[in-house]
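Colleague: One structure coming up, written as structure tokens, with questions to follow.
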Amino acid sequence: MTQEIRTRLLLMADAQYGSFSKSLIPECKPLLGVRLPALRKMAQEFVKNKEWKELVQTDGADDVYFEEAMLRGMLIGYGTAKEQDNEEAMRMFDKFVPFVDNWSVCDSFCSGLKLARTHPEPVWEFLQPYFEDPRPFAVRFAVVMLLFYYIDAQHLPRVLALLEEVHSDEYYVKMAVAWAASMCYAAFPDETLPWLQAARLDEFTYRRTIRKICESHQVNAEQKSHLRALERRRQG
659 MTQEIRTRLL LMADAQYGSF SKSLIPECKP LLGVRLPALR KMAQEFVKNK EWKELVQTDG
719 ADDVYFEEAM LRGMLIGYGT AKEQDNEEAM RMFDKFVPFV DNWSVCDSFC SGLKLARTHP
779 EPVWEFLQPY FEDPRPFAVR FAVVMLLFYY IDAQHLPRVL ALLEEVHSDE YYVKMAVAWA
839 ASMCYAAFPD ETLPWLQAAR LDEFTYRRTI RKICESHQVN AEQKSHLRAL ERRRQG
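Every number in the numbering used here is 658 more than the matching position in the sequence shown, counting from 1.
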């Protein structure tokens, strides 16, 4: 990012909020404490003024603060939503992914990539290599994209098959898989239950999946009781 943008971010910094946020995202770059609505407003301003492409062409390795990486991801999301060149958009996605180093930037970035909603199949194909990427947050990126954009009747079997094939010892990857699997169950319980009964998930991911499902308000008490019994049988 430019020095001008960095100065603006420093002026918006809230040290107390930054300290709180850092406790939730311990692995991130130095964190100023700029709130997300302010970052979104800034990103929308740059996209409206057509300045965003120039800003995201700079190397993400030069970003010093967490908020600079977050802003870069937002610019790509807002900017590519208004562009017609899907190939260029996905090149921008690919260029940004190596600089994603925490769950917050990852999930925020994914939530902004609306191209997956308007052009689901090209983005689906684009995501496939990331499931076998050695970088944990690249894998999380792919998994979170699934849960935001592909939990529907058409994609559900392919989503479940991909989740079962994610093998990682990384906490944030396992948590993303559990989150996605729980969303599949909440949306399609009858279709997801047989998969969950037979899925080759590791014990941690399996337990977290059950926990997340049972925390969902979309799942009724009878379903939750059945799933807890299923978990006990697996443990026994």
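Glycine included, C-beta positions come from ideal geometry on N, C-alpha and C.
Residues in its own chain within less than 7 Å of E889 by CB, not counting five upstream and five downstream?
Modeller: R865, I868
Colleague: When we look at the beta-carbon of T776 and count the other beta-carbons within 10 Å, is it buried (16 or more) or exposed?
Modeller: exposed
Colleague: How would you call S883, buried or exposed, if buried means at least 16 neighbouring beta carbons within 10 angstroms?
Modeller: Taking all protein chains in view, the Cβ of S883 is surrounded by fewer than 16 other Cβ atoms within 10 Å, so the residue is classified as exposed.
Colleague: Determine whether the beta carbon atoms of V797 and S840 lie at a separation below 8 Å.
Modeller: S840 sits away from V797, with the two beta carbons spaced by 8 Å or more.
Colleague: Where does R858 land, buried or exposed, given buried means 16+ other C-beta within 10 angstroms?
Modeller: exposed
Colleague: Quick one: any contact between the segment 675-689 and the segment 744-758, if contact means 3 or more CB pairs under 8 Å?
Modeller: no
Colleague: Do M728 and G770 have their CB atoms nearer than 8 Å?
Modeller: No; because the gap between Cβ atoms is not below 8 Å, this pair is not in contact.
Colleague: Could you give the DSSP three-state label for C872: helix, strand or coil?
Modeller: helix
Colleague: Mind the definition here: the segment 790-809 touches the segment 757-773 only if three or more C-beta pairs lie below 8 Å; say whether that holds.
Modeller: yes
Colleague: Considering only their Cβ atoms, is the gap separating K711 from G737 smaller than 8 Å?
Modeller: yes
Colleague: For S826, does the three-state DSSP call read helix, strand or coil?
Modeller: coil
Colleague: Just the C-alpha distance for Q855 and Q876, rounded to the nearest angstrom, thanks.
Modeller: 20 Å
Colleague: Is there a Cβ of chain B sitting closer than 8 Å to that of D752, yes or no?
Modeller: The chain labelled as chain B is not found in the depicted structure, where only one protein chain is given.
Colleague: So, R664 versus E726, is the Cβ gap smaller than 8 Å?
Modeller: By the CB criterion at 8 Å, R664 and E726 fall inside the cutoff.
Colleague: Does V722 pass the burial test, meaning 16 or more other C-beta atoms within 10 Å, or should it be called exposed?
Modeller: exposed
Colleague: Can L818 and C842 be called in contact, C-beta distance under 8 Å?
Modeller: yes
Colleague: Helix, strand or coil: how does DSSP classify P661 here?
Modeller: In the sequence as presented, Pro is not what sits at residue 661; that position holds Gln. Helix at Q661.
Colleague: Kindly indicate which three-state DSSP category P786 falls into: helix, strand or coil?
Modeller: Note on residue identity: the sequence assigns Gln, not Pro, to residue 786. Helix, per DSSP.
Colleague: Determine the direct distance from the alpha carbon of A845 to that of Q715, and round the result to whole angstroms.
Modeller: Spanning the two alpha carbons is a distance of roughly 38 Å.
Colleague: Determine the contact status of A671 and L690, defining contact as a CB-CB distance below 8 Å.
Modeller: yes
Colleague: In whole angstroms, what separates the C-alpha of Y808 from that of C686?
Modeller: Y808 and C686 have their C-alpha atoms roughly 28 Å apart.
Colleague: Check for me: the alpha helix (DSSP H) holding L694 runs from which residue to which?
Modeller: It spans 694-706 - the alpha helix (DSSP H) in which L694 sits, taken as one unbroken run.
Colleague: With a cut-off of 8 Å on the beta carbons, I'd call L814 and E849 a contact; round off their distance for me.
Modeller: 6 Å
Colleague: Keeping to the same chain, check which residues put their C-beta closer than 6 Å to that of F767; ignore five residues upstream and five downstream.
Modeller: G731
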